[in-house]
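Residue numbers (the numbering used here), protein chains in the order written: chain A, 1 to 320; chain B, 321 to 640; chain C, 641 to 960; chain D, 961 to 1280. Even for Gly, the Cβ is constructed at its ideal location relative to N, Cα and C. For clarity, every value in this text was computed on a predicted model and none was experimentally measured.
Rendered as structure tokens:
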């Protein structure tokens, strides 16, 4: 049977921060997320469009970067099939009892060693009175604070072996690659993967370090707003709040989405994004294969990224 | 096995028009579509984002309304499985050899008798020199003419039995309903169905006629633009071109998409649309169930629709 | 000498509310204004783009409607010339010592008896640390709360004699009318006036009451946002906050601005607006003269207004 | 008497091009302007919002750059007063009989020797049937071709003596400077001037050449669209049409307008712009004075401009 469709979507990401209070301020006050729960060293935050309780678990740590990425399977049966496959692959790490808002989850890692989880049982969000929406097809009312992100859209990881990570997601979890940039016949510089018609949900791009760090690094998390105008508005809000804007707003060459990159106070790169194309074509030819020359000579409008965009990832590595 | 995922997307719609030349002018000059082919009494038109050759087959006729709706299966195997199921259902009408741009197709009808087709083999679009795009992940360059629609987004049909049509699409073709409006325990007023995470791809709403017409009628076809601003721009272009604007721009209650309704010269209602939410939740509870009272008392902003919106469909019925 | 140019702009409006706390919540939390000062029964609020300290004086009262409209003269000499003219006209009411943020002001009234003031001396806004902007050409940082209006844009009054009020503003204060709707040769239904190239700064439309009330009534105050997208965003915020939306978002026929009308908790109609054309033509022919038939038959897209739009004004009149 | 208000607005700019046919294609097909007249070596083009017949006179030449800039006085008397003042200044060059669409005009030059004209008598645009608009307050219908600019917004000149040019416009023609960037106490790097509440209508920035060229050079002409979204749309259209994009879309530090810079086929830099603040304050303190350090350290978001932005102007100078 086909693997496509077995994973429904990213459930949430755990993000580590060495400056917990400032990071929490950033996500609550500037991105406009709601704190849905707090437990241990973590706060759980949601966008106004999340049907689950949260999409971001923010955890105090001595460093920055990824805690783990949690995927929701599309059914209990799909979960069992994927776990069996992951166990066979040698990348499985075993079950744990779950966390705030979701049931038991299977831990595994990608070829870089990056922690993932897969779960099915979840809690649907029940808003408190102040956040109850007027329409039955809304999960939460908007409160008009800060950027007002709808949801987590994608995670971008830097990897010493983009190809291995890409093939892993495709073969074991049913992701499709809509764009791949190749350095040469063997080596890939980037891969844009999705479990749905969306252009990207997980991205791997080449790690710039000669000796990749452990833990494997995070390039950025991207949060969705519905319009490019909201990305432009976010740029004004970030500038006025004194947040460092690394790049954008401008248009990405892959997927054509509209981007804005900032660093949250914990040092993690955060994207506010909108737009981009959907891919309905079920065929393998739907994948755009770029070689670096073509990619570099046919960029979307907007400037080249600053050098930091190719080298900075979290956790930062001393001397890199 | 699950039916979900067997149909990839709407391939194209055949639209009938009693005023072919004027309708062609509307789609080419005002919506900004490209004429990709002409054959017999038909012209085949595309949006700039179509990976197939076209999404609209416009056919001269003595009346308006739907010719047929063609769905693309996600694989040859999926096509065979769906055809077997359709044949078993008694709704199958047999194979034909295909049309411009796609291979053989299986004809069937929905419970109303509305003509559908299912196919898999297709031709990928190859732009002529004047339409060649600068980036490898574009199908066609934009030419900046008129509204500039990206693609066909959904078709909306009026039906004497919304529920029967909805269940048919769900059970035999793997569609999911993201929103259902119920008149009472047995009767449905509307259903918003999708084969992907999109909020809607096919919609059925209640036929207002006491004695439903044959052929079954079309409420509207919707074409996609990437931003609400383009919908607003379209309203200016339509007004300045003397095209009747029936409703909008405003926000839909179901799916939250942004709409604008006009009548093309052949009398068919055409929507220009953008936005709306995506549904990632794989569970049945993801469906919003509205009763009419709740639906009417919690509408999205924007005025009530004019009475014509509830009664006019194509082909028009004398005296209705 | 020409009168044009003697009045620079609307300085502020005093708005009366019988529900002061709720109204203050509306302007601070929903419109996103800052409270710059409080004195007596009033709060003084500003948009992020105001160079003066405030544009709205909100005053607790036993009713709703206009307190007064204050205009800033373009110089001390211009102030003296206008005061002399107003005194001659019999509409002058004398000097007072000024208010929070501005120096002495001359009180007068329009032909309806509506209170106006004219002043020149003013205080330029000095932001507290939390609102200090990063760029020298900003008056205040944006904080991302609610709609985030830039400034007060216009005031719209209902009048039993639109023509008399219009001629008064033109001849004594140098306003220009960019659009006039005429009921017949003698009677005007509406006039859109401006002291600058903006399409409108003060509007008079026909009072619907047979026996006009005293005090003369306010149709609405309009606050500016820079984009139509922010008007659409405001509609979502208002709906989610349970604020009554009377009309829009849609496009006005006069001036072509994009509108959204709500009632603040004190009952006053508030518009959030953007866009509209500028008028650079210095000639009298620049005025568009509409008769009612032409006006009604060539409306901009968007629905007709609800009946309340023609009859409701503040203070409300029992039985009207 | 005050000089403010004597000049109403820029009437039109004459732009020289060594590639007339390609430039005409650019302005007609890509910017979406209409050819209103042709005479001699020139075509006269208009935006859909122009009340006069045109805002751009495109003239075949052996080089690129400015032909002349024509200003419209606010009345016949104002014209006479300004001409008397210009004659006194020694910058006057005498009357000529007028051109397509306007009456006699007085020629003068700025301190750099750049040709200007001042006129009052003009022809109001009378659209041909295909361009007749549906509403009485529109000058022309929109046709939906290309970018669809509304009007010419500003001209930006490079000057060896910004200060002298600025003072000339202020003292003799009544312009106000809303922003000035100073290199030191004596020398100005840039000045943003306006005859209205708009942020800029004429801009001077420092010529980068050591030995300034004759004729004095043009940095760019800017054409207005109503929304930032239309600027973003323009970027897609330019890229797809193979037009070189030099910078943007992004936000300007001065005036906060949203910009996009391209080179038209004749080599002249063209901006598509929207937004920016209005200045209502009549006082001299309304001018923002920047020193270079502050200016450079507090830029609006968006990347630094490419080096060409500081050095390229038209006509180009060999070896520069």
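For the beta strand (DSSP E) that residue i lies in, which residues bound it at each end?
i	result
residue 496 (chain B)	496-502
residue 1248 (chain D)	1248-1251
residue 118 (chain A)	115-119
residue 703 (chain C)	No beta strand (DSSP E) holds residue 703 (chain C); DSSP gives it neither H nor E.
residue 1154 (chain D)	1148-1154
residue 748 (chain C)	745-749
residue 126 (chain A)	Taken as a continuous stretch (DSSP letters only), residue 126 (chain A) belongs to no beta strand (DSSP E), as it is neither H nor E.
Report the partner residues of residue i according to the DSSP bridge assignment.
i	result
residue 377 (chain B)	B:334, B:364
residue 708 (chain C)	C:654
residue 156 (chain A)	A:203, A:220
residue 565 (chain B)	B:582
residue 643 (chain C)	Residue 643 (chain C) is not bridged to any residue.
residue 912 (chain C)	C:863, C:900
residue 99 (chain A)	A:102
residue 344 (chain B)	BP columns for residue 344 (chain B) are empty, so no partner.
residue 357 (chain B)	B:364
residue 1238 (chain D)	D:1158
residue 791 (chain C)	C:864
residue 634 (chain B)	B:538
For chain B, is any of its Cβ atoms less than 9 Å away from the one on residue i?
i	result
residue 135 (chain A)	yes
residue 198 (chain A)	yes
residue 29 (chain A)	no
residue 1103 (chain D)	yes
residue 175 (chain A)	no
residue 1193 (chain D)	yes
residue 105 (chain A)	no
residue 73 (chain A)	yes
residue 1285 (chain D)	Residue coverage of chain D in this structure runs from 961 to 1280, which leaves residue 1285 (chain D) outside it and unanswerable.
Keeping to the same chain, check which residues put their C-beta closer than 6 Å to that of residue i; ignore five residues upstream and five downstream.
i	result
residue 495 (chain B)	489, 513, 515
residue 918 (chain C)	837
residue 1225 (chain D)	979, 982, 983, 986
Give a yes or no on whether the minimum CB-CB distance between residue i and chain D is below 9 Å.
i	result
residue 547 (chain B)	yes
residue 904 (chain C)	no
residue 251 (chain A)	yes
residue 921 (chain C)	yes
When you compare the CB of residue i with every CB in chain C, is at least one pair closer than 9 Å?
i	result
residue 1215 (chain D)	yes
residue 1237 (chain D)	yes
residue 621 (chain B)	yes
residue 558 (chain B)	yes
residue 1062 (chain D)	no
Which residues in the same chain as residue i place their Cβ atom closer than 8 Å to its Cβ, once the five residues preceding and following it in sequence are excluded?
i	result
residue 763 (chain C)	692, 693, 741, 742
residue 581 (chain B)	540, 565, 566, 567, 568, 589, 590, 591, 629
Who are the Cβ neighbours of residue i in its own chain at under 7 Å, not counting the five residues just before and after it?
i	result
residue 321 (chain B)	Because residue 321 (chain B) carries a pLDDT of 48, less than 50, the predicted location of this residue cannot be relied on, and no value is offered for it.
residue 228 (chain A)	258, 274, 275
Give a yes or no on whether the minimum CB-CB distance between residue i and chain A is below 9 Å.
i	result
residue 824 (chain C)	no
residue 374 (chain B)	no
The alpha helix (DSSP H) with residue i in it runs from where to where?
i	result
residue 1128 (chain D)	1122-1133
residue 1036 (chain D)	1036-1049
residue 1270 (chain D)	1268-1271
- Query: Are the region 133-146 of chain A and the region 770-786 of chain C in contact at 8 Å, needing three or more beta carbon pairs?
  - Reply: Short answer: they touch.
- Message: I'd like to know if the region 381-392 of chain B and the region 437-453 of chain B are in contact, where contact means that at least 3 CB-CB pairs between them fall below 8 Å.
- Response: Contact annotation: the region 381-392 of chain B touches the region 437-453 of chain B, with at least three C-beta pairs closer than 8 Å.
- Would you call the region 80-91 of chain A and the region 33-52 of chain A touching, i.e. three or more CB-CB distances under 8 Å? Taking 8 Å as the limit for Cβ pairs, the verdict is that the region 33-52 of chain A does not touch the region 80-91 of chain A.
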